[in-house]
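Novice:
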Amino acid sequence: MSAVGVLFRRELALAWGGGGGPLLACGFFACLTTIVPLAAGGDLATLRPVAAGIAWLALALASLLSLERLFERDLEDGALDLLALGPLPLEAVVGIKALAQWLATGLPLALAAPVAALALGQAPELAMLTALAALIGGLGFAFTGALGAALALGAKRGGLLIAIVVLPLFIPPVVFGAGALTRAAEGLSPWPAMALLTAYALFAAVIAPPAGAAAIRGAQG
Amino acid sequence: MIARLSITTLTLSRGERTLFRDLSLTLAAGEAVALTGANGAGKTTLLRAIAGFVRPEAGAIAFTAADGAELDPAEARGRGLHMLGHLEGLKGARTARDELGFQARWLGGEAIDEAVSVMGLKPLLDLEVRKLSAGQRRRLALARLIAAPRPLWLLDEPLSPLDIRWREAAGEVMRRHLEGGGLILAAVHDPLPIPTRSLDLGAGR
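In order, the protein sequences belong to chains V and D. Number 653 in our numbering belongs to position 116 of the first sequence; there are no gaps in the numbering. Number 203 in our numbering belongs to position 197 of the second sequence; there are no gaps in the numbering.
1. Beta carbons nearer than 7 Å to chain V: which residues of the segment 152-169 of chain D have them?
2. I believe G177(D) touches L619(V) by the beta-carbon criterion, under 8 Å. Please report the beta-carbon distance rounded to the nearest angstrom.
3. Any idea if I708(V) is buried or exposed, counting beta-carbon neighbours within 10 angstroms, 16 or more meaning buried?
4. A660(V) to T719(V), Cα distance in whole Å?
5. Provide the residue span of the beta strand (DSSP E) that contains I13(D), from first to last.
6. Assuming A654(V) and A592(V) make a contact with CB atoms under 8 Å, what is their CB distance in whole Å?
7. Taking 7 Å as the CB-CB cut-off, is P624(V) touching chain D?
8. Using a beta-carbon distance cut-off of less than 9 Å, what residues from the segment 72-98 of chain D approach chain V?
9. Confirm, please, whether the CB-CB distance from A66(D) to E76(D) is below 7 Å.
10. For a contact meaning CB atoms closer than 8 Å, what does D614(V) contact in chain D?
11. Which residue's Cα is closest to the Cα of G84(D): L657(V), V543(V), L625(V), A599(V)?
12. Which word fits T15(D), buried or exposed, when buried means at least 16 other C-beta atoms lie within 10 angstroms of its C-beta?
13. For S603(V), does the count of other Cβ atoms within 10 angstroms reach 16, so buried, or fall short, so exposed?
14. Out of curiosity, what's the CA-to-CA distance linking M172(D) and M125(D)?
15. Can you pull the DSSP bridge partners for R203(D)?
16. Identify whether E185(D) lies in helix, strand or coil by the three-state DSSP scheme.
17. For D611(V), count neighbouring Cβ atoms within 10 angstroms of its own Cβ and tell me buried if that reaches 16, exposed if not.
18. If contacts are defined as beta-carbon pairs under 8 Å, then L676(V) and W639(V) qualify, I think. What distance do you get, rounded to the angstrom?
19. Run through chain D and tell me which residues come within less than 7 Å of A540(V), C-beta to C-beta.
20. With a threshold of 6 Å, establish whether the CB of C563(V) neighbours any heavy atom of the ligand ATP.
21. Would you grab the beta carbon distance between A730(V) and F678(V) for me? Rounded to a whole angstrom, and I think it's under 8 Å.
22. Quick one: grab the DSSP three-state call for L718(V).
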């Protein structure tokens, strides 16, 4: 088996093992979207216009959850040294970890997103589009999140630092993703916003590996 | 692959503090060097500098192939070097089998069965790593050196948690590695059970 496959399988096993991170993210996501109607009132006329926005806010917050452990646990137990001495450059390690994060957290959240949006009063015919947008947005969240996690390595209270570094970077995908769904709900074409969302996700996937690898080298020195 | 490690006039610092100046060392295939010195003298930092984790203040670290050609440092480190530090890189929640399997394959090795039998890990394989004792964890970490053959071994206190029996077994593994053209640089306080040259980094602070 190739080194890429070996690392990818380990990352997935780590994400699912020991407490089931993806389930935790989905549970958090469900809690957030349940609290909103309780706080703002359960009237669908109030909720429907903001359903997409709230679902995307909840997605962004739920995507933050497991980021703290992404590199920190490997720094703590020395596995990051091992990863740096493997056959792949650190840039590839960061990319593979971010992809595994996407598959482990972004994919379950993308499946949960249409259900949550539906509960907030979104039209049922937008479910497929919601899932697709959440999946693409999740790719952007995973890569920007990996960059934030690498930058916060070794810092005290790294989890909080990651949130503050990463949340501003989550603004564009939230704007594009929620915008696509709002436009679709109004009967307009969602695809210009979807194209921007995809462009942002790909941009993050290009930028995060080299920047994250540089941050990790700094933390190891 | 790596047949010679050359360190020339190396100066290493940790923050503001200079650990040592103008250190030179040549390690050839089949040789072992025991790195001694007081706590804080810079043994671990030297090993981490060779592994590429610490940037030297001055001087050079070069890896040479058997035909005399200088190797690309990133390539040499990624394929020809084992580093075993105080932290073994083992995940407590995973089984010994999973961890050894990952570490060995990631580092490019398939000889897992041999490593298991040499390090006596068979009864431990299905246990979670957190349930292992310090000595058992070290044996599990040493197993990756056997499972994934790489020429240069950088070892930081490799034998300290091991009992007499496994110290001897680990010594035998090192002896075989040297006979096969391997190189060992080990930071130690107790002497290794193999013939070594010694390099003293001094008193530290």
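Ideal Cβ positions, reconstructed from N, Cα and C, are used throughout, including at glycine. Predicted, not measured: the structure shown is a model, and the values here were computed from it.
Specialist: Result, derived from the coordinates:
1. Under the 7 Å Cβ criterion, the segment 152-169 of chain D contributes no residue.
2. Going by Cβ atoms, the distance from G177(D) to L619(V) rounds to 24 Å, so no, they are not a contact pair.
3. When all chains shown are included, I708(V) counts as exposed.
4. Distance between the alpha carbons of A660(V) and T719(V) is about 11 Å.
5. Run containing I13(D): 8-20, per the beta strand (DSSP E) assignment.
6. The Cβ separation is near 4 Å, so the contact holds.
7. Output row for P624(V): interface = yes.
8. Per Cβ criterion, the list reads A80, R83, G84, R85, L87, H88, M89, G91, H92, L93, E94, G95, L96, K97, G98.
9. If you check the CB distance, E76(D) and A66(D) do not come in under 7 Å.
10. In chain order: L93, E94, G95, L96, K97, G98.
11. Of L657(V), V543(V), L625(V), A599(V), the residue nearest in Cα terms is L625(V).
12. By the 10 Å Cβ count, T15(D) comes out exposed.
13. Buried, by the Cβ-count rule.
14. Sequence inspection shows Trp at residue 172(D); the Met mentioned does not correspond to that position. For W172(D) and M125(D), the gap between their C-alpha atoms comes out near 8 Å.
15. R203(D) pairs with V39(D).
16. Reduced to three states, the DSSP call for E185(D) is helix.
17. So D611(V) ends up on the buried side.
18. That belief holds up - the Cβ atoms of L676(V) and W639(V) are roughly 5 Å apart, short of 8 Å.
19. Close to A540(V), with beta-carbon spacing below 7 Å, are these residues of chain D in chain order: W112.
20. Ligands are entirely absent from the displayed structure, and the ligand ATP is therefore not among its contents.
21. With a Cβ gap of about 16 Å, A730(V) and F678(V) do not count as contacting.
22. L718(V): helix per DSSP, three-state reduction.
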